[in-house]
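Engineer: There's a structure below that I have some questions on.
Residue numbers (the numbering used here), protein chains in the order written: chain A, 4 to 473; chain B, 140 to 340.
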């Protein structure tokens with residue numbers, strides 16, 4: 004086979020040097036690609052790094068070759084390729100920082116915080132064993148749709164290939180079909196051209212294989228957690244809850260939520276034996292009450308002339324007690340809100356004290372009797388039509404304390420309460436001879452949530468009872 | 140006596156060139172592989188410290204890092220509202236989502252009786268104050284028991300532009316206790332940690 008004489012420059016030392024250098028680069032590239040692809044034959048896996056969250060160890064375009072690893076062999080510090088716990092179908096390449104009960108805690112080296120989601124150990128593809136710089140860059144460009152660098156790389160490869168083939172010796176024409184690589188093909192015959200094209204295709208295919216490696220979207224990420232937030236539920240949801248709280252359990256508690264008479268049910272510890280009785284006339288049921296919580300917002304209205312509530316369970320000489328109730332009135336004739344007397348079945352008592360009553364001008368008075376009358380009273384009037392909480396406590400040690408709307412208004416000493424056996428009375432009873440006694444013994448107004456305690460309510464308990472309605 | 144260097148490389152020199160390029164390619168490839176293998180990923184301690192530099196994603200909220208917060212007592216039917224600002228400062232564009240972690244309750248059924256409503260918007264958010272808040276989208280309403288617990292199912296996805304410029308968003312948070320909550324949850328409490336997570340997109 005004869006042909007045109009080879010140009011002299013292609014047989015020169017310079018041509019040999021250039022070709023050798025180009026072959027070094029091409030060969031290295033081929034080896035790198037082989038290293039990134041061949042481990043698949045033994046079940047390893049390669050992945051192109053698609054983001055910089057593992058920098059500086061991994062940069063975008065690097066290829067990580069991972070080796071399958073047993074779950075028991077996982078150790079913090081290893082870089083793992085895992086299924087992305089947040090984005091189905093994607094891979095994530097991050098460093099294992101902790102093995103926790105719920106899974107593996109991973110973190111990108113360049114991320115300020117660990118990943119938010121734990122990783123199921125079953126989704127670990129392997130631990131990174133080999134890192135290949137920049138080989139996967141074409142995959143990144145392809146994923147980003149950047150044609151220019153892809154074309155540039157192809158061009159660069161073509162140039163390298165051409166340079167690798169520059170040097171030739173005159174007696175170097177190989178027989179047709181000789182696959183020896185690195186030998187310069189002659190561009191003189193169609194057969195040689197086909198051979199060159201075939202080799203170029205093989206090289207491109209190898210490059211393409213590297214391009215089709217799955218990308219691991221390592222992904223920059225950060226988390227901004229709040230502190231642990233605690234959502235507490237109140238101990239008390241309504242007015243009766245307050246009365247039932249530890250240490251202040253009412254013996255008698257009349258919610259006054261009835262829709263008809265004549266029983267005012269006692270929900271306190273004394274039980275139904277201490278139920279109250281509504282008078283047969285003068286009581287309106289189910290009127291609007293204070294804001295005491297769902298199912299507790301009703302009240303009864305007494306008419307100021309015959310409406311009253313009494314109890315029939317006798318109580319012997321209580322010397323420590325508290326009474327508490329809600330009222331709303333605009334009356335100018337006063338009346339007894341609550342008290343203790345010896346009159347049975349709601350009749351007028353001959354002996355009576357431990358009572359809270361309203362004067363004609365709307366002030367509240369709380370007092371006990373022990374050879375003489377002891378009282379405390381409020382400077383301001385409360386017959387303003389609003390709902391008010393009045394709380395009155397007594398013991399010989401703590402004396403008389405009168406609270407309105409959760410706040411202590413007045414207090415004073417008293418040696419004892421009258422030594423009688425009697426009944427608790429609501430809305431009516433005798434007030435004869437007491438200071439500023441009102442025109443009416445009957446109270447005209449609405450009442451709700453009446454509690455009678457065998458203890459002295461504390462200021463805290465009183466203010467909590469008020470707060471429940473705010 | 141000096142040897143005259145031939146004008147052209149001999150057949151032997153050419154063959155040496157081929158061997159040299161094969162060896163050189165192997166050395167270059169091996170060097171690159173080994174160099175990167177030593178770069179850190181076989182090390183169990185190196186590079187565990189986060190380096191916050193350009194290209195990273197930084198997400199903050201104003202109450203991050205505070206001690207645990209206990210909110211006011213709730214009664215059935217009551218609701219409370221707070222606002223919180225979240226700032227993204229990162230180079231890459233990212234998606235920010237909200238989810239919860241470390242959820243707990245001291246009485247069975249409490250978390251299913253607490254409802255969380257979140258609205259994203261702008262303005263407000265200073266010291267949890269909602270003054271000036273302007274809603275900028277939908278409101279999600281989820282019971283605490285079914286509140287998402289991972290980025291994948293996170294709420295109120297927010298696509299940031301990146302570029303290292305601080306981007307701020309305010310979130311209005313309303314929580315309430317169901318008016319039909321059972322008495323068994325009186326005095327109980329539930330807890331959760333909210334997490335905003337930014338992931339590069």
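From the three backbone atoms N, C-alpha and C, an ideal C-beta is built for every residue, glycine too.
Here the structure is a predicted model, which means the values were calculated and not measured.
Looking at C-alpha atoms only, which residue of A:157, A:71 and A:346 is the closest neighbour of residue 124 of chain A?
Structural biologist: A:71
Engineer: Could you pull the start and end residues of the beta strand (DSSP E) that residue 134 of chain A belongs to?
Structural biologist: For residue 134 of chain A, the enclosing beta strand (DSSP E) begins and ends at 127-135.
Engineer: Please name the residue, chosen from A:274, A:32 and A:464, that lies closest to residue 139 of chain A on a Cα-to-Cα basis.
Structural biologist: Out of A:274, A:32 and A:464, A:32 has the C-alpha closest to the C-alpha of residue 139 of chain A.
Engineer: Just to confirm my understanding: we take residue 275 of chain B, look at its own chain, exclude 5 residues before and 5 after, and list those with CB closer than 7 Å. What are they?
Structural biologist: Once the five neighbours on either side are set aside, the close Cβ partners of residue 275 of chain B are 259, 260 and 261.
Engineer: When the Cα atoms are used, what is the spatial distance from residue 69 of chain A to residue 101 of chain A?
Structural biologist: 19 Å
Engineer: Give a yes or no on whether 8 Å exceeds the smallest Cβ distance from residue 88 of chain A to chain B.
Structural biologist: yes
Engineer: Between residue 296 of chain B and chain A, is the shortest Cβ-Cβ distance under 8 Å, so that the two count as touching?
Structural biologist: Interface with chain A (8 Å Cβ-Cβ cutoff): residue 296 of chain B is excluded.
Engineer: Any idea which residues DSSP pairs residue 170 of chain A with across the strands?
Structural biologist: According to DSSP, which records beta bridges pairwise, residue 170 of chain A is partnered with nothing at all.
Engineer: Roughly how many angstroms separate the alpha carbons of residue 351 of chain A and residue 339 of chain A, rounded to a whole number?
Structural biologist: 12 Å
Engineer: If I'm right that residue 293 of chain A touches residue 442 of chain A with Cβ under 8 Å, what's the distance once you round it to whole angstroms?
Structural biologist: Not really, about 26 Å apart at Cβ, beyond 8 Å.
Engineer: Quick check on the DSSP output: the beta strand (DSSP E) that includes residue 342 of chain A runs from which residue to which?
Structural biologist: 338-344
Engineer: Who are the near neighbours of residue 326 of chain A in its chain, counting only those whose CB is closer than 6 Å to its CB and skipping five residues on each side?
Structural biologist: 341, 395 and 455
Engineer: Would you tell me roughly how many angstroms separate the C-alpha atoms of residue 180 of chain B and residue 120 of chain A, rounded to the nearest one?
Structural biologist: With a pLDDT of 35 at residue 180 of chain B, under the threshold of 50, the predicted position of this residue should be treated as unreliable, and no value is reported.
Engineer: Considering only the alpha carbon of each residue, which of A:334, A:73, A:159 and A:295 lies closest to residue 388 of chain A?
Structural biologist: A:334
Engineer: Should residue 195 of chain B be flagged as near chain A, meaning a C-beta pair shorter than 8 Å?
Structural biologist: Note that residue 195 of chain B scores a pLDDT of 48, beneath 50, so its modelled location is shaky and nothing firm can be said.
Engineer: What number of angstroms, rounded off, separates the C-alpha of residue 248 of chain B from the C-alpha of residue 324 of chain B?
Structural biologist: One alpha carbon belongs to residue 248 of chain B, the other to residue 324 of chain B, and they sit about 8 Å apart.
Engineer: Rounded to the nearest angstrom, what separates residue 295 of chain B and residue 80 of chain A at their Cα positions?
Structural biologist: 34 Å
Engineer: Hey, quick one: how far does the alpha helix (DSSP H) through residue 39 of chain A stretch, first residue to last?
Structural biologist: DSSP places residue 39 of chain A in the uninterrupted alpha helix (DSSP H) bounded by 16-40.
Engineer: Taking Cβ to Cβ, would you say residue 317 of chain A is nearer than 8 Å to residue 424 of chain A?
Structural biologist: Yes, they are a contact pair.
Engineer: Apart from the five residues just before and just after residue 103 of chain A, which ones in its own chain have a Cβ nearer than 8 Å to its Cβ?
Structural biologist: Residues of the same chain with a CB within less than 8 Å of the CB of residue 103 of chain A, apart from the 5 flanking positions on each side, are 121 in chain order.
Engineer: Is residue 213 of chain B helix, strand or coil by DSSP?
Structural biologist: strand
Engineer: In three-state DSSP terms, what is residue 53 of chain A?
Structural biologist: coil
Engineer: Step through the CB atoms of chain B and report whether any lies within less than 8 Å of the CB of residue 437 of chain A.
Structural biologist: no
Engineer: Specify the secondary structure class of residue 232 of chain A as computed by DSSP and reduced to three states.
Structural biologist: In the structure shown, the three-state DSSP call for residue 232 of chain A is strand.
Engineer: I want to verify the contact list: residues of chain A whose CB lies under 8 Å from the CB of residue 310 of chain B, in sequence order.
Structural biologist: Here the premise fails: no neighbours, minimum Cβ distance about 10 Å.
Engineer: At what residues does the beta strand (DSSP E) containing residue 108 of chain A begin and finish?
Structural biologist: 106-110
Engineer: Distance, Cα to Cα, residue 446 of chain A vs residue 337 of chain A?
Structural biologist: 6 Å
Engineer: Where are the beta strand (DSSP E) runs, 3 residues long or more, that stay fully inside the segment 235-275 of chain B, in chain order?
Structural biologist: 253-261
Engineer: Within the 8 Å Cβ cut-off, does residue 257 of chain B reach chain A?
Structural biologist: Closer than 8 Å: no.
Engineer: So residue 289 of chain B contacts chain A; which residues on that side make the cut at Cβ distance below 8 Å?
Structural biologist: 88, 89, 119 and 120
Engineer: Excluding the 5 residues flanking residue 251 of chain B on each side, which residues of the same chain have their C-beta closer than 6 Å to its C-beta?
Structural biologist: Excluding residues within five positions, the ones whose Cβ falls inside 6 Å are 282 and 284.
Engineer: Is residue 301 of chain A helix, strand or coil by DSSP?
Structural biologist: strand
Engineer: Find out if the Cβ-Cβ distance for the pair residue 244 of chain B, residue 327 of chain B is shorter than 8 Å.
Structural biologist: yes
Engineer: From which residue to which residue does the beta strand (DSSP E) around residue 222 of chain B run?
Structural biologist: 218-229
Engineer: Is residue 280 of chain A closer than 8 Å to residue 349 of chain A when the C-beta atoms are compared?
Structural biologist: yes
Engineer: Using a Cβ-Cβ cut-off of 7 Å (strictly less than) and excluding sequence neighbours within five positions of residue 263 of chain B, which residues of its own chain qualify?
Structural biologist: 222, 269, 270, 271, 272 and 309
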